[in-house]
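Below is one structure; the comments refer to it alone.
Numbering (full-length UniProt numbering), first residue to last: 1 to 304.
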């Protein structure tokens, strides 16, 4: 089977939730997923009611099982091209047709190329305090960067610990930002960061280029969020000045029939929010298909 009511590109929380909602509405659904979830390095997710502490891969595994139980088709492959009309071409050579598309391809975290960041990402080098802050509460924490976004991040992280140090690296905070940090008792360490110090499989501190080491139990880094939006660009969806696809509250893009959900739509959403977006988009897709089916039935009846 290569023709579906809906093809969902991306098998994370948003895509799988949308698939289950649509399958329960008796729609034919295929989910195409490349198997590289953004939160794969994390050992646990939080803030998801009744699933607190569950490993992200466990959630995805359970979601895939539910999709299959309802008759959905899971395709482990990469989409190389999607064209209006909606023809979806896969790296493995398969071509899928769909009446509607939902793009839930997530985003990529672009982080500084400092030794230790990639290796510890999602473990004790973190970006979201709402996801992981409670687990390091009260510990000596570091925040990397001295630009305006990093300063705001440090002020946020201060809620989880009284011992927060901002490492400016190659930035130079303004006097106004320095005053804000001082008001909250956030220490400022200037100088280039050489590496994240790891010992016994744990972050132990931050080493500066001059050889000095500041002990820290975890480090927060605010990455540059890059949407995995190539397919949306190919389809001609309108993109805003920051490089993100324009969409409404139900995930509708500027291209009729194409919707977006999860981190491909908004870098701020967490797992539970992404699932909610997937559900909302799916309900709207089904409502639109109901209208299409009615229109087709009426035209067939009267044409006959």
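Just so you know, even glycine gets a beta-carbon here, dropped at the ideal spot from N, CA and C.
This structure is a prediction, so every number in the text was calculated from the model and none was measured.
Residue 148 and residue 125 have their C-alpha atoms roughly 20 Å apart. When the alpha-carbon of residue 35 is set against those of 106, 98, 86, the nearest one is in 106.
Between residue 104 and the set 136, 49, 84, 253, the nearest pair of CA atoms involves 253.
Pairing residue 37 with residue 56 gives a Cβ-Cβ distance under 8 Å. Residue pairing by DSSP places residue 81 opposite 89 in a beta bridge. At a Cβ-Cβ threshold of 8 Å, residue 262 and residue 97 do not count as neighbours. Between residue 109 and residue 4, the C-beta spacing is not below 8 Å.
Under the Cβ criterion (8 Å, minimum of three pairs), the region 257 to 272 counts as touching the region 44 to 58. Straight-line spacing of the CA atoms in residue 289 and residue 278 works out to 16 Å. In this structure, DSSP gives residue 14 a helical state, which the three-state scheme calls helix. The region 240 to 303 contains, as complete alpha helix (DSSP H) runs of 4+ residues, the segments 271 to 303 (chain order).
Secondary-structure assignment with DSSP links residue 112 through no beta bridge to anything. Between the alpha carbons of residue 192 and residue 174 lies a distance of about 17 Å.
Taking C-alpha positions only, residue 121 is separated from residue 42 by approximately 8 Å. Exposed is the label assigned to residue 299, since fewer than 16 other Cβ atoms lie within 10 Å of its Cβ. When C-alpha distances from residue 179 are compared across 151, 195, 162, the shortest belongs to 151. The three-state secondary structure of residue 42, taken from DSSP, is coil. Following the DSSP letters along the chain, one finds residue 227 inside the beta strand (DSSP E) bounded by residues 224 to 227.
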